[in-house]
Every structure is written in C-alpha cells, then in structure tokens.
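If you read the sequences in order, they're chains A and B.
Residue numbering for the first sequence follows our numbering, beginning at 180 and increasing consecutively.
Residue numbering for the second sequence follows our numbering, beginning at 418 and increasing consecutively.
Ideal Cβ positions, reconstructed from N, Cα and C, are used throughout, including at glycine.
Beneath this line is the structure, given in structure tokens, with notes to follow.
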Amino acid sequence: VLVATSIAFPSRPIVVVARLLASLTTALVVGWLWGRFGRSPAAKADHHHDHDDEPRWFRFQSTAAHDIVQGLGMLVVGAAAAATMKVVVPRSWLTTFSGNVWLGIVMLAGFAVLLAVCSVADAFVASSLIQFSLTARLVFMTVGPAIDLKLLAMQVGTFGPRFALRLAPLTLLVATASAAMFGWLLL
Amino acid sequence: VQAYFLLAFGIVLTRVAFTDALLNYVRPSTRPWMQAAGITMLLLGVAVGARREWAPMAVAEGVTSGPAQDAGGPRDPRHHHPGTRVAWLVLAPVIAIVVFAPPALGAYTARRPVDQASIVAAGTTALHPLPTGAGPARLSMYDFLRRALDDSGQTLRGHDVVLTGFVSDINGHTFVLNRLVIFCCAADAIPIRVRVHADGPAPADGAWLEVTGTFTGIAQKYTHTPALTSSHLAVVPRPSETYDH
C-alpha cells in the first residue's frame, strides 16, 4: 500500500509518511479506546466453543467453514452497496465541496466509506482528486482502509450489528481526525 | 449447508482462477492467490461435507435426535449457527458467474472520463527512449499516456507507435481509442482515452483496433487527452487481457 502510495504521489514522498502515521495512529487510538471503554465482542464468538468434543483439526475446519461462508455473504452485501454507489453517484458530485478545506475533508471521508476502493488502488484515486487539498486526500486514504461499506458489512457478520454500529463510527471519527491532524502537521 | 456453499463457491472460483475469465475481473498477477483460495475452499467444503452432511453417523444422529435438537442444539452435528441466513448470498456471485458470466468492463465505464494527468503521475520512473529504426513501437496505452504527458511528449517525437484499444465517439475522421486501466481489480477501472485522427473509412463503434500512428500533442487540455494521427488501422479480436495495468 505504501509503495502504491509513493507511486501515486511521486513528487510528494511526505504523503507516504503521513499516510503511515495517520493509519497507525488510527489503529492505536481505536484499539486503546475500545480496550478502555468498549465491550469485548467475545459474546458473539462464544458459540464456537460448543464443539468441544470434536478433535481440534475438525473444530478448525468447522470454524473456518462457518467464518468463510458468513464473511463471504457479508462481503456480497458490501460489494453490492459499493458497486451501486459507484454507478449511481455521479463523479461530478466529488468536486462539489472541493473549495472549502473542512467540507472537503468531510466529503472525502464520506466518499472513502461509500466507494470502498481497495487500499492498493485508493492512492491513485486520491491522486486524481486534484481539486481537493492534500489533507482531504490523506483523509480519503486513511479512512478507506479503516472503515468502508464492505468492511462494515463484514464487521456486522463477524461481531454482530450492535458491535459494528459502535465500532464503525468510532473508527470513522478517529481516522478522520488523525489524518486531518497529520495532514495539517506534515503536508 | 455450509459445505454446499463452500463447494459451489470453490468450484466457480477455481474455474475462474484457471481460465481467462480471471482477466475480466482482476490483475493477472493475482492468479496464484485465486487458485490457492479456490482449491482451499473446495477441500474445506469436501472435508466439512464429509463429516457433517454425508457421513452415515451424521444422518443417523439427525434422524434420531428430536426436533428440539434439530433447531440448533450443540450436539447436533448439523446444527446451524445464528445468522447463517446471510450465507445464502454467497450464491449470488456463483449464480452470476454461471448464468451470465459478467464480461469485462467496456464502453460504459469509458464514458466516464477523468483528468488523465491524474492517472499517470508523471516522472514516476525514468522513461526509456524508444528504440529507433526498428519499426513502430508497440506501447500500452498507459505507457503512451505517460510519455505523452511527460515533458511535452519528448520521448514520442519522431516515433511511430502501435496502440491497442476499442473505438468510441466517432466524429468524421476522428474517434477516441479507449483502454481501461486497473490497479487492483475491475472495481477501480479508469479509462485511458486517446483521440485518433485517421483518413479513410471510419471504424465501427466498439471495435478493437491496432492503431499505428504518431503523437501530435494534447487534444483536450481539460482532460489531458493525447492526440494521435494514424497511418494505419487494423481490426483485431478483443484481447484476453482486456485491461491495461
């Protein structure tokens, strides 16, 4: 991802550093906040342990099968939502709020969630959003891999809707704030 | 049921991963990963199915255990975990691939042009000079675009190039040659467009062409669309690698 970013922003290597720091900070802060104030999602995972009488290898297979099928189903939901957004939302909307720094940040944070571009490709998308400030584009690159429609769908699948509906907004806020901060400091 | 979902998905994924169909959706470099994933799913499906669905013991236990057990008691080897309904959606891509095999993206995506200067961040790596005197140079559209936008297209001056893409926006003697570039998968496809001027009969809309010609400048300032004056057009079949990357 960082290599792709450096290719997409060849004249601004600092973007790579800013992206690394902003993403790392997001992960650390969300993890710390959740560890301190959040409830563990273990309740949902508990049911895996009722296979106690099976050999470990069998239990591994059952768990893997369950998680893969469940995750795939959720991925279908997320992919369908992202694909719809991509076709329905005109690209011209993207440029609407590019003039204002703060609106640009909010706008690109929202688009990162809705468009669900994969993290290897999002740097190229970001580098193409030349109407926006570099900070807003850093927000796009930090929020996208942390939380987007397909990840939200998979969190719902893995941890349950109540957990996901708290984790996702938290991640969005922290990622936006962290990227805005590093954008302001470094770019 | 999980075993059947895994098998269905595994069969389709493996089939896609071992054929040219893969190239419609992702970069060729992902092939080994897709193959490994497909085979893993197949094996897992068989292993879980053999123990849960088809083993005589599993069936017998399913029959002898009462309806209460069937509803998901932990002792029932076929018990369902909560929220398995979403797993049925796994069948959506399976059915899509089997029934209408979504083709590669094409004209519809190309109709949403972007500022092409943003696709190629100029000066990424050094551009090698094109070989001289060896006939026209065969370039990818991506490479051509990079050269066209770098240093006013210096590396293209005095060279004939051959580009492959599909036709749109025919207008008299000019048309647009399109190729979609992907960085990861078809979901991030971006169109690369080159305006071609060619004397002689106009090609058919949507046709795949090999265009031989020379770079003449930037035709469209706002989208940074390069222009090419063509000396020769050849209709070719759609390449199996539809995308540039």
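Taking the CB atoms as reference points, tell me whether B/Ala606 and B/Leu597 lie closer together than 8 Å.
yes
Can you confirm whether B/Pro643, when its beta carbon is compared against all beta carbons of chain A, has any partner nearer than 8 Å?
no
CB of B/Gly462 within 8 Å of CB of B/Ala420, strictly:
Yes, they are a contact pair.
So who's on the other strand from B/Cys602, going by DSSP bridges?
The bridge partners DSSP lists for B/Cys602 are B/Val443.
Beta carbons nearer than 8 Å to chain B: which residues of the stretch 279-291 of chain A have them?
Residues of the stretch 279-291 of chain A with a C-beta atom less than 8 Å from some C-beta of chain B do not occur.
Over what stretch of residues does the alpha helix (DSSP H) that includes A/Val266 continue unbroken?
That run of the alpha helix (DSSP H) goes Arg235 to Val267.
Does the distance from the C-beta atom of A/Ser357 to that of A/Val208 stay below 8 Å?
yes
CB contact check: B/Ile514 to chain A, cutoff 8 Å:
Using a Cβ-Cβ cut-off of 8 Å, B/Ile514 does not count as an interface residue toward chain A, since no Cβ of chain A sits closer than that to its own.
Check this for me: beta carbons of B/Pro442 and B/Ala615, under 8 Å apart or not?
Checking the sequence shown, residue 442 of chain B turns out to be Tyr, not Pro. In this structure, B/Ala615 does not lie closer than 8 Å to B/Tyr442 by Cβ.
Between the Cα of A/Leu317 and the Cα atoms of A/Gln249, A/Phe290 and A/Val267, which residue gives the shortest distance?
A/Phe290
Cutoff 7 Å; reference A/Ser185; Cβ partners in own chain excluding five residues on either side:
Pro192 and Val195
Taking 8 Å as the cut-off, does the stretch 564-578 of chain B touch the stretch 630-645 of chain B (at least 3 CB pairs, one atom from each stretch)?
yes
Check for me: the alpha helix (DSSP H) holding A/Pro367 runs from which residue to which?
No answer is possible for residue 367 of chain A: it lies beyond the span of chain A, which begins at 180 and ends at 366.
Residues of the stretch 450-468 of chain B with a CB closer than 8 Å to any CB of chain A: list them in chain order, please.
Close to chain A, meaning a Cβ-Cβ distance shorter than 8 Å, are the following residues of the stretch 450-468 of chain B: Met458, Leu461, Gly462, Ala464, Val465 and Arg468.
With hydrogens ignored, establish whether the beta-carbon of B/Gly466 is closer than 7 Å to any heavy atom of the ligand PLP.
The ligand PLP is absent from the structure shown, which contains no ligands of any kind.
Take B/Gly523 as the anchor and find which of B/Ala509, B/Tyr639, B/Ala565 and B/Arg610 has the nearest alpha-carbon.
Comparing alpha carbon positions, the residue from B/Ala509, B/Tyr639, B/Ala565 and B/Arg610 closest to B/Gly523 is B/Arg610.
Local conformation of A/Val208 per DSSP, three classes
helix
Can you pull the chain A residues whose beta carbon is under 9 Å from the beta carbon of B/Trp505, in chain order?
Gly252
Which value, in whole angstroms, describes the spacing of the CA atoms of A/Arg198 and B/Ile587?
43 Å
Tell me the DSSP secondary structure of B/Asp622 in three-state form.
coil
Any Cβ of chain B within less than 8 Å of the Cβ of A/Leu315?
A quick correction: the sequence has Ala, not Leu, at residue 315 of chain A. Chain B contact via Cβ: absent.
Pull up the CB-CB distance for A/Ser307 and B/Val537, whole angstroms please, since I reckon it's below 8 Å.
At roughly 10 Å, the Cβ-Cβ gap does not stay under 8 Å, so A/Ser307 and B/Val537 are not in contact.
Going by Cα to Cα distance, which pick from A/Val296, A/Ala305 and A/Thr242 is closest to A/Gly283?
When only C-alpha atoms are compared, the closest one is A/Ala305.
Is it right to say A/Thr263 is buried, meaning 16 or more other beta carbons lie within 10 angstroms of its own, or is it exposed?
exposed
Check the Cβ-Cβ distances between A/Ile309 and every residue of chain B, and say whether any is below 8 Å.
yes
Suppose you measure from the CA of A/Val268 to the CA of A/Trp236; what does that come to, to the nearest Å?
Going by the C-alpha atoms only, they are around 47 Å apart.
What's the gap between the Cα of B/Val480 and the Cα of A/Ala258?
Confidence at B/Val480 is low in this model, with a pLDDT of 44, below 50, so the placement of that residue is unreliable and no value is reported for it.
Any beta carbon from chain A within less than 8 Å of B/Asp605's own beta carbon?
yes
Below 8 Å on the Cβ atoms is my guess for A/Val292 versus A/Leu351; work out the distance and round it to an integer in Å.
7 Å
Cα separation between B/Ala527 and A/Ala206?
Cα to Cα, B/Ala527 sits roughly 37 Å from A/Ala206.
Would you report the Cα separation of A/Ile326 and A/Val180, rounded to the nearest angstrom?
Put simply, the backbone Cα of A/Ile326 is about 16 Å away from that of A/Val180.
Short CB-CB distance (under 8 Å) between B/Asp560 and chain A
no
Using the beta-carbon count (16 or more within 10 Å), is A/Val353 buried or exposed?
buried
Amino acids of chain A, ordered along the chain, whose beta-carbon sits closer than 8 Å to that of B/Phe600:
Ala183, Val299, Ala300 and Phe303
Among the candidates A/Leu313, A/Ala260 and A/Ile309, whose CA atom is the shortest distance from the CA of A/Ala295?
A/Ala260
Buried or exposed, going by whether 16 or more other CB atoms sit within 10 Å of the CB of A/Ser312?
buried
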